[in-house]
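Chains as they are written, first to last, in our numbering: chain A, 222 to 452; chain B, 222 to 452; chain C, 222 to 452; chain D, 222 to 452. For glycine and all other residues, C-beta sits at the position ideal for the given N, C-alpha and C.
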DNA sequence: TATGAATGAGGTTTCATTCAT
DNA sequence: TATGAATGAAACCTCATTCAT
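Structure, rendered in structure tokens:
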């Protein structure tokens with residue numbers, strides 16, 4: 222009803238240099254300690270919010286629960302985020318950015334394309350499928366239509382890069398003769414599809430029928446590269 | 222604001238017995254009109270609820286909006302459904318059951334396995350990808366974890382049958398020499414994965430990068446069956 | 222799910238003479254049958270409403286439940302009563318009037334005053350305490366403040382008459398030397414108080430500590446008339 | 222319309238620690254004012270709820286009205302009580318506990334039994350009959366059957382103790398020769414009955430026929446103890 | 001900066017009453 | 001006359017957001 226701008230929303234970056242210098246007298250290192258504590262709190266909120274949003278979805282998540290889980294008061298959340306909606310949006314960014322960063326820090330592309338992709342799949346298996354990170358993917362699928370900015374961000378930062386990267390690998394594989402199906406480069410989604418399905422399957426159907434994602438991905442690669450010799 | 226019948230929503234089954242007594246000439250009394258109107262209303266509610274749940278997800282959907290869209294009063298919804306939650310659960314059943322029924326009315330399996338699967342993919346393309354039915358799939362992915370009964374139902378009625386059916390086709394393809402990769406029968410998910418990805422892609426990223434699902438599926442089948450001759 | 226009329230609720234008695242008479246022409250006694258049916262229905266509604274109002278109080282009673290219990294449709298209630306409120310008010314009248322009528326049909330006042338009062342107490346014990354009629358008293362105590370017309374009616378028809386009657390008996394007792402405490406005639410409530418308490422006790426505390434109302438009333442009369450010889 | 226603090230409702234116990242820190246001199250910060258305000262609010266809610274429940278009964282009372290009367294927002298009620306039902310149950314406890322406490326702080330039993338009982342009756346007259354406390358008794362009679370926990374509590378804390386206390390006094394009276402009717406000790410309800418009737422009479426029939434409760438109780442005691450000399 | 005009590009709009013659900021059949 | 005589907009006002013309760021401390 223009353224609309225008051227609430228400058229509390231500043232990102233931690235903003236926040237960092239927003240420190241006001243201490244009361245006269247004794248203030249040895251508390252400045253950094255202050256900032257550190259704030260960053261910790263923010264991290265706790267982000268972590269807690271992730272858990273809750275994943276468990277319940279955006280609309281059904283209560284800030285009260287996030288606060289409780291993060292060990293802060295409800296009001297504190299508003300010192301870090303403008304409101305629930307932008308918290309969700311920032312959240313996705315905050316969690317995804319380091320993933321993208323890691324992807325960009327490519328390992329030097331040595332070995333065969335199959336080996337490269339197998340390595341990649343291995344990481345994906347370990348760090349995404351069946352983990353909270355995987356659930357985040359499902360969360361984005363779930364909330365994307367209501368949060369275009371989230372879908373935009375996710376497409377721009379993750380999907381389009383992932384597709385481009387895969388396309389590059391596929392073209393390399395084709396050039397080297399490892400991959401026969403030339404049209405695959407036009408639809409790198411095909412390469413990724415089983416991995417995505419595995420992510421979703423773990424969230425929804427794991428208890429009905431557990432899925433050996435690793436083995437499935439291997440079969441999929443055999444399909445693309447032809448039968449392999451060893452593992 | 223009030224009254225906006227929207228009888229468009231009725232499933233064809235509902236529709237069948239919702240008709241007055243068809244025989245032309247005799248139309249003295251609107252005999253079954255009471256029951257018919259009730260069925261129409263119920264169908265309108267189902268249709269409206271589908272739209273709203275798909276557009277906003279379970280928690281963010283307001284019964285008020287469903288009622289408005291269905292052209293009924295809020296209270297009317299409660300004549301048909303116990304509460305919001307069971308409305309959602311029944312909804313999924315109501316919409317999915319006829320789909321399953323249609324799948325069970327198999328077309329006589331003639332021709333090559335590839336042809337069979339292409340036909341199937343064609344239907345899927347036309348009737349699921351990019352349609353409200355596709356959005357329902359996304360909705361189930363989104364809400365499944367919070368509605369185990371929905372996930373259970375969907376697994377039992379759709380997923381497990383779909384997987385089984387695909388496995389059968391794959392085995393046939395292997396037996397006939399159409400499919401070389403024998404392990405594929407262990408993971409029919411691989412066969413379906415690109416189709417599922419297409420469904421999700423249309424919901425989330427169509428406006429960022431339109432996807433020619435038909436062509437993608439064709440490439441995927443080439444990968445599995447080897448290069449095709451004709452279309 | 223779909224609402225199945227359930228007119229099954231009618232008692233078999235109702236049902237028996239529920240026969241509708243034949244096609245036009247023959248209309249022997251249907252007028253009376255009509256009226257009879259209506260009266261029966263009304264009686265069923267009154268009975269059902271009593272039960273429900275006693276069990277739940279005015280506000281918490283649902284017309285739906287009354288209708289169900291009476292074996293009529295909800296709308297039918299409105300053919301007999303203007304609305305819930307006046308139904309309640311009329312109800313009290315309907316149930317109480319015959320009681321008053323019976324009281325007015327006094328048994329010829331023979332014997333000692335104590336015998337008269339003992340007879341009266343005996344009837345009260347049998348017909349009020351621990352019965353639905355007793356619950357009605359509690360209901361009036363409960364709802365009286367919100368239904369002045371009910372309280373008025375009850376005071377006028379029952380309380381004031383009862384008090385007057387008791388006062389007459391007390392004065393007779395005093396005149397005959399059966400009762401020593403002359404001031405008792407000024408407060409006949411004292412004579413009735415334990416009986417009323419018994420009514421309330423049965424409703425509220427019977428399961429905590431059963432009360433032998435008969436014996437209590439006897440002790441009370443001993444107090445007023447002096448020790449008795451026999452029962 | 223908004224804001225009508227009504228702090229009058231606090232029980233004396235609440236009030237005690239609702240005060241700021243009394244020790245004069247040190248009053249720099251309104252230290253406990255947070256807690257104090259909370260206690261005040263709670264007391265206001267309790268008071269308002271009492272009024273409304275008494276005026277309308279449980280089912281017909283609107284939380285909105287309680288909030289308005291207490292001068293708080295609707296949501297505030299839920300900071301103090303789980304829901305309407307448990308609010309009602311707690312309410313009875315909150316109001317009755319101090320009464321019981323006061324009863325337990327017995328005045329030294331000096332004088333004759335009749336004097337003792339007259340004193341007690343006098344207090345009852347002043348503090349219960351015709352007061353809101355009396356209305357509470359009627360409310361319990363009204364709602365008891367639907368709130369077994371309330372009836373239980375009331376029986377345990379008030380009725381059973383009251384009965385036991387009265388029985389003790391009666392036995393004392395019999396032992397001292399003040400009371401002749403020995404069976405009275407078996408039904409102390411008889412001793413209390415006119416007082417209870419007075420309570421109910423005031424709620425329901427005061428405007429039809431005012432009742433001089435004091436005089437009635439005196440007559441009742443005369444009946445039990447024999448004619449008195451003085452007042 | 002951090003808190004959490006307080007707010008009140010808004011959501012779900014109930015139910016007295018109406019009215020077309 | 002009787003029905004019961006439909007209505008929609010109104011009740012309870014939740015929870016994002018604010019703000020005094």
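Check: Cα-Cα separation, residue 248 of chain A to residue 260 of chain A; Outcome: Because the pLDDT at residue 248 of chain A is just 46, under 50, the model does not fix this residue reliably, and the value given afterwards should be weighed accordingly. The straight-line gap from Cα to Cα measures roughly 19 Å.
Check: Counted within 10 angstroms of its Cβ, other Cβ atoms place residue 326 of chain A as buried (16 or more) or exposed; Outcome: exposed
Check: Sequence-distant residues of the same chain with beta carbon closer than 7 Å to residue 381 of chain C, five excluded per side; Outcome: none
Check: Under 8 Å by beta carbon: chain D residues contacting residue 444 of chain C; Outcome: 402, 405, 411, 444, 445
Check: Residue burial classification, residue 300 of chain C (beta-carbon count within 10 angstroms, cutoff 16); Outcome: exposed
Check: When D:282, D:278, D:437 are compared against residue 365 of chain C, the one with the closest alpha-carbon; Outcome: D:278
Check: Residue 360 of chain B and residue 426 of chain B closer than 8 Å at C-beta; Outcome: no
Check: Reference residue 439 of chain A; option with closest CA among A:339, A:401, A:322; Outcome: A:339
Check: Residue 346 of chain D and residue 435 of chain D closer than 8 Å at C-beta; Outcome: yes
Check: Residue 401 of chain C versus residue 445 of chain C - alpha carbon distance; Outcome: 8 Å
Check: Residue 350 of chain B at chain A interface by Cβ criterion, 8 Å; Outcome: no
Check: Interface partners of residue 493 of chain C on chain D, CB under 7 Å; Outcome: Because chain C spans 222 through 452 in this model, residue 493 of chain C falls outside it and cannot be assessed.
Check: Contact with chain D by residue 299 of chain C, beta-carbon distance below 8 Å; Outcome: no
Check: Contact list for the region 424-442 of chain C against chain D, Cβ threshold 8 Å; Outcome: 424, 425, 426, 429, 430, 432, 436, 437, 440, 441
Check: Bounding residues of the alpha helix (DSSP H) (the contiguous stretch that carries residue 404 of chain A); Outcome: It is not in any alpha helix (DSSP H) - residue 404 of chain A carries neither H nor E in the DSSP assignment.
Check: Sequence ranges, alpha helix (DSSP H) only - wholly within the region 325-371 of chain D, length at least 4; Outcome: 334-348, 353-364
Check: Residue 281 of chain A - DSSP class collapsed to helix/strand/coil; Outcome: coil
Check: Local conformation of residue 302 of chain B per DSSP, three classes; Outcome: coil
Check: Own chain residues within Cβ distance below 7 Å of residue 269 of chain C, not counting five before or after; Outcome: 287, 290, 291
Check: Of the residues B:430, B:428, B:419, B:431, the one placed nearest residue 441 of chain B, counting alpha carbons only; Outcome: B:419
Check: Whole-angstrom distance between residue 409 of chain C and residue 454 of chain C, CA atom to CA atom; Outcome: Nothing in the structure corresponds to residue 454 of chain C, since chain C is present only between 222 and 452.
Check: DSSP state of residue 430 of chain A mapped onto helix, strand, coil; Outcome: coil
Check: Beta-carbon separation (whole angstroms), residue 334 of chain C vs residue 390 of chain C, contact threshold 8 Å; Outcome: 6 Å
Check: Cβ-based burial, residue 285 of chain D [other Cβ within 10 Å; buried from 16]; Outcome: exposed
Check: Beta-carbon proximity of residue 414 of chain C to residue 414 of chain D, cut-off 8 Å; Outcome: yes
Check: Residue 294 of chain B (DSSP reduced to helix, strand or coil); Outcome: coil
Check: DSSP three-state assignment for residue 382 of chain C, whether helix, strand or coil; Outcome: helix
Check: Residue environment, residue 424 of chain D, which counts as buried when at least 16 other CB atoms sit within 10 Å; Outcome: buried
Check: Proximal residues to residue 282 of chain D (C-beta, below 7 Å), its chain only, five neighbours per side dropped; Outcome: 273, 274
Check: Whole-number beta carbon distance between residue 363 of chain B and residue 322 of chain A, since they are thought to touch under 8 Å; Outcome: Between residue 363 of chain B and residue 322 of chain A the Cβ distance is about 28 Å, and since that is not below 8 Å, they are no contact.
Check: As assigned by DSSP and simplified to three states, the class of residue 268 of chain C; Outcome: helix
Check: Buried or exposed by the 16-neighbour rule on C-beta atoms within 10 Å, applied to residue 447 of chain C; Outcome: exposed
Check: CA nearest to the CA of residue 307 of chain B, picked from B:280, B:294, B:293, B:329; Outcome: B:280
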